[in-house]
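Notes follow the structure.
In my numbering, the protein residues as written are 10 to 145.
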């Protein structure tokens, strides 16, 4: 496949799936992988919400380098395709938070989920918004 075909296939896979596997590691290097529901902007910025106390969130606070895999686990054996990306993750704050919430909320609503607001991810709320920016 040429690079253009690979890019088109990657976009199709990302568009067709609702969850990504987020690979993190703690400060000592102990790995952790977790599935998270995601929304994407420009096939480069991946947004999700999680508790800041979750293992992957604590790992990101200490070591922001992550790996992302998006794939469909329901296809027949031997036919699976996936998108693999290195990225840098962070809790979203400041002016980026409003844009991230808009992107995430729109995708959530499109999949039958709820609308999210900034108040859902700040202050006393139990979850925060995170973003991983793919570097590959």
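Using N, Cα and C, we set each Cβ at its ideal position, and we do this for glycine too.
In this structure, DSSP gives residue 32 an extended state, which the three-state scheme calls strand.
Sixteen is the threshold: when 16 or more other Cβ atoms of the shown chains lie within 10 Å of the Cβ of residue 130, as they do, the residue is buried.
The Cβ-Cβ distance between residue 29 and residue 47 falls below 7 Å.
Contact between residue 109 and residue 101 holds, since their C-beta atoms are separated by about 5 Å, short of 8 Å. Annotation: residue 136 is outside any alpha helix (DSSP H) and is labelled neither H nor E by DSSP. Counting C-beta pairs with one atom in each stretch, the region 29 to 41 and the region 73 to 90 have three or more that are closer than 8 Å, which means they touch. In this structure, the alpha-carbon of residue 64 lies about 12 Å from that of residue 36.
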